[in-house]
Structures are given as C-alpha cells and as structure tokens.
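One structure is given below, encoded as structure tokens.
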Amino acid sequence: MKILLTTTSFQDTPGPHHELLASKGYEIVRARGPLPETKMLGLVGNVDALLCGDDEITEAVMKKSLPRLKVISKYGIGLDRIDLENATTLKIPVTYTPGVNHTSVAEHTFGLMLACSRKIVIEANYVAQGNWKRITGSELFEKTIGLIGFGRIAKEVALRAKAFGMRVIVYNRSWENEYSERFGVERVSEFEALFGASDVISIHIPATPETKALINQETLKMLKPGAIIVNTSRGEIVDKYSIRAALDAGTLAAYASDVLDQEPPPKDHPLLGSPNCILTPHIGSRTQESVVRQANMSIRNLFAVLEGKNPEAQANAL
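Structure follows, in structure tokens:
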C-alpha cells in the first residue's frame, strides 16, 4: 500500500500520529500542500490512499488516481476542495474529521477578535520598531457578537463570548431551542438584522456556491458603525475587494481572517497591507492538541477503509 500525505501541519507537528501512520508498514509519499490540481495530477496514479489537507481533489485528479485509489482521507472538516459529487459517482470513499478542532478554532477566533478591538498587533509592531505610541481600544464587554452559522465552532465562540459578558445573536437555518435557552443565545431571522445589531460579526459557515461572496458591497452597507468582521471559515465567503473598500473608507473598522480565497496569497492580493486588517496563515486548528486529534482520526479513517471497515466519519454516501 502507498499513501500520499500532503498536509503540512500533520508533517510538521511532533506527536504519536507519526507512529500510528507508520504502524502498518505502508509506504508514505510526502508532499507539501495545499496543492493545486496541476500538482496533484503529477502525484497521483500510483497511490492507494490520499491523506490530504486543502489540496484540490478534482474530477481530473480522481480519474487519474483510478483504478488504484481506494480512499480520500481528509485531515480536517472543510470539504470544499474535494469534488464530493464525482467522488460518489466514481465510488471513492471520502472521510473527514468532525469534532476535533472546534476548541482551537474558537480560541483563535477570539484571539483575532481581541487583537482587533484592542489594536494588539498594531501596538506590538510599534513597540518592536522602537516606538511608544498608545492607541485607545474598545472593550468586548456588553458588546453584541453576531454569529453567521451555528455549528460546533460557533457554539464554542458563543460560550466564550458569554463569558466576556457579550450579547450573542445568531443567524442560522436550523435552531436548537434547548441550547439557546441554556446559554442565553438569541436567534435573528433576518440577515440584515444581524448586521445592523452586531459590533462583531464572526463567520462560521462552509464555502458553497450559495455562500460565495455572501459578505459583499451590499451586505457591508448594513454594518453597524465601528463593526469588526472575523473570518475563520473560508476566504471565498467574503468579497475581498468589497472588504478592502470598506476598510479604506472606514465603514468597516477592522477585518481579521485566518483564511483567504488564495492560500498562500499572491503579492497583489487586495487585503495584504490593508489598513486595520489582520491576516493569519490558516492556523486556526494548528495547535499541538488539535493536530494530534485530527491526525489520529484521519489515520483511523484511512486504515478502516483500506481494511474494509466503517470509518468514524464519511462525507459521501456510497
């Protein structure tokens, strides 16, 4: 058996997952992802399994991988880079790792939120350059945070927000009355209402054709003055040009994101160097604890399929 391993956080983080992957004696081929379709096409064809991150697993990649490929094991929960429809048609099982990174991503979300409200990055850079310039920030206490989506990560963000004394409102298709009543979370039925009431907006929805550029020039016009947007979901959900224009105009006080539509971004990406914009290189789930949890689950899923057993979580129905 030959396994193609592309996820870099798996490879770069020490831990027991390395021993687990090696325990079966399979041959491991390593590459540094996330890889575009062109690079993936040059690596597949003679491997039995993919243990991937955010690489482009397209129809062409899958077809070239057959007949040898037996499983695509996603390290993580975002499946927008994998063509699930064609994987199902071609009868290739796709597994993933839900429930392993919500704590780490929620903590990173709050870190970005604090960095924006208290100007932490700007101030730290001033001091590093030998300057002692002090800027007045804002508290999160008694502010309103609006969550777009209400999955595992958003719920963890909600708990932390309540601990900070924030009002939490949520826009989501489904709703859990018991949870909302227990933790004092409010539902808003209109997208516009969330934008108009929120001091901080935090995005927690997957990238789909319906959510692409959901945050755009028109929706940004609904913003409450001085609002902050935090994105630890997917870069495609915001229109980067509209975000840049709103930052330049001052109608958006700050934008903090762990994700971009192109990773790594080209040098002319409009958000690079943008005022009051904090960008981190997709590290929301990259903690020692989360990496081991994700890696071990992705390996167990991979082994299960290769051995004819049921994985812990499968993304497509076969």
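Sequential numbering of the sequence shown, starting at -19, is according to the numbering used here.
We put the beta carbon where it would ideally sit given N, CA and C, even for glycine.
Computed from a predicted model, the values in this text were never measured in an experiment.
- Under DSSP, the beta-bridge partners assigned to Glu166 are Ile149.
- Excluding residues up to 5 positions away in sequence, nothing lies with its Cβ nearer than 7 angstroms to the Cβ of Ser169 in the same chain.
- Apart from sequence neighbours up to five positions away, the residues of its chain that approach Ala193 with a beta-carbon distance below 6 angstroms are Asp219, ordered along the chain.
- Counting only runs that start and end inside the region 31 to 108, the beta strand (DSSP E) elements of at least 3 residues fall at 51 to 54.
- Ranked by Cα distance from Glu269, the options Ser(-11), Leu(-16) and Thr69 are led by Ser(-11).
- Counting C-beta pairs with one atom in each stretch, the region 117 to 131 and the region 141 to 159 have three or more that are closer than 8 angstroms, which means they touch.
- The three-state reading of DSSP puts Lys19 in helix, counting H, G and I together.
- Cβ-Cβ separation between Ile181 and Ile209: approximately 5 angstroms, consistent with a contact (criterion under 8 angstroms).
- Per DSSP, the beta-bridge partners of Lys(-18) are Glu7.
- For Ala236, the enclosing beta strand (DSSP E) starts and ends at Ala234 to Ser237.
- Among the bridge pairs identified by DSSP, Val180 is matched with Ile125 and Ile208.
- If you draw a straight line from the Cα of Gln109 to the Cα of Ile258, it is about 18 angstroms long.
- Each of Ala104, Lys289, Thr68 and Ala86 was checked against the Cα of Asn296, and the nearest Cα belongs to Thr68.
- The shortest CA-to-CA distance from Gly25 to any of Ala293, Tyr159, Asp35 and Ala40 is the one to Ala40.
- Considered as a whole, the region 185 to 229 harbours 197 to 200 and 220 to 229 as its complete alpha helix (DSSP H) runs of no fewer than 4 residues, in chain order.
- Counting along the chain, no alpha helix (DSSP H) covers Leu259; the unbroken beta strand (DSSP E) around it starts and ends at Cys257 to Leu259.
- The Cβ atoms of Val51 and Thr83 lie no closer than 8 angstroms to each other.
- Boundaries of the alpha helix (DSSP H) harbouring Thr(-12): Thr(-12) to Asp(-8), taken from the DSSP string.
- The three-state reading of DSSP puts Ala295 in coil, since its state is none of H, G, I, E or B.
- Excluding residues up to 5 positions away in sequence, Ile57 and Ala293 lie with their Cβ nearer than 6 angstroms to the Cβ of Pro78 in the same chain.
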